[in-house]
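The block underneath contains the structure these notes are about, expressed in structure tokens.
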Amino acid sequence: MTTAMTGVEVRVEDHVGWIVLNRPEKKNALDRDMLLRWTRALRDFEADREVRVVVVRGAGDAFCAGGDVDGLAAADRTPLEARRLMTDHVHQVARAVEDLNKPLIAGVNGVAVGAGMDMALMCDYRIAADRTRFSEGYVRVGLVPGDGGCYYLPRLIGTSKALRLLWTGEFVSAAQALEWGIVDEVCPDGEFDARLTAFAAQIAAQPPVAVQLIKRAVRQSIPGDLRTALDLIASHQAIVQSTADSREAMDAFRERRTPHFEGK
């Protein structure tokens, strides 16, 4: 299944849902239609039991150059209209990401600036190509980070490093991003597509219910205490052990064969 709409290509291949920002002539800069389609794709993939992993990447040589200044500029809007632009359009992607129980991988195949960087930060795992550069460039155009940068970045790299990048808008190379923890892997440009596809396939081959419960347990444990986390995982363990996939995993382990999971 492949659909294209307003700068975003959506497809499903081998249990992997792909969201491709497809506006390469603008370095995949975001407009309202792209934000709407991105949000819809996330919601659709969450509801589709055939989809086990979601990947977002850019077309061409960029991931996302941020918001399209012509399409999202708010200089001539009232403060209320500007706020609604953020809450009703830009922030819908972050909310859909928060509701996604399935692994979300960012394939950062080139420059990621402003909202583009923030969109990568909100994913569960980030793989970058060598050529990638990151920048929280809002301050250079007199803005504050509008898409969660002040939330996600300090949680990944600490307060002081986050403030440095948010205050200066300086660019960070893929190697520096790896060292600081902005990304999880960096690979040569020529190997990027293969690595991204292989990693998504590796996760999609795992028992999907267990994978989703692991994600929820990790996410919900971060702001909580140990006893609450252990209580939650006890419930998750009871649920996952009741699934056919759990029995298949155990049988395959005993029989020394590759398991086949059906998501139930």
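Using my numbering, read the sequence shown as starting at 366 and increasing by one per residue. No residue lacks a Cβ here, since even glycine has one placed at the ideal position from N, Cα and C.
Scanning the segment 521-576 from its first residue to its last, the whole alpha helix (DSSP H) runs of 4-plus residues come out as 524-533, 539-545 and 557-569.
Under DSSP, Tyr490 shares a beta bridge with Ile470. Burial is judged here by how many other beta carbons sit within 10 angstroms of a residue's own beta carbon; Val506 has fewer than 16 and is exposed.
Between Gly475 and Val419, the gap from beta carbon to beta carbon reaches 8 Å or more.
Collapsing the DSSP output to three states places Leu597 in a helix. Assignment of Leu395 by DSSP, reduced to helix, strand and coil, places it in the strand class. In the DSSP assignment, Val462 falls within the unbroken alpha helix (DSSP H) covering His456 to Asp464. Annotated as proximal: Val373 and Arg402, with beta-carbon spacing under 8 Å. Leu407 has its alpha-carbon roughly 16 Å from the corresponding atom of Leu395. Assignment of beta-bridge partners to Phe499 by DSSP yields Ala477 and Val537.
Annotation: the segment 395-425 contains the following complete segments of the beta strand (DSSP E) (minimum length 3 residues), in chain order: 418-423. Bounds of the beta strand (DSSP E) holding Ala427 are Ala427 to Cys429. DSSP, read as helix, strand or coil, puts Val377 in strand.
Distance from the CA of Leu591 to the CA of Gln577, rounded to the nearest whole angstrom, comes to 20 Å. Remark: three or more beta-carbon pairs, one from each stretch, lie closer than 8 Å, so the segment 553-567 and the segment 488-497 are flagged as touching. Gly513 and Glu544 have their alpha carbons spaced roughly 22 Å apart.
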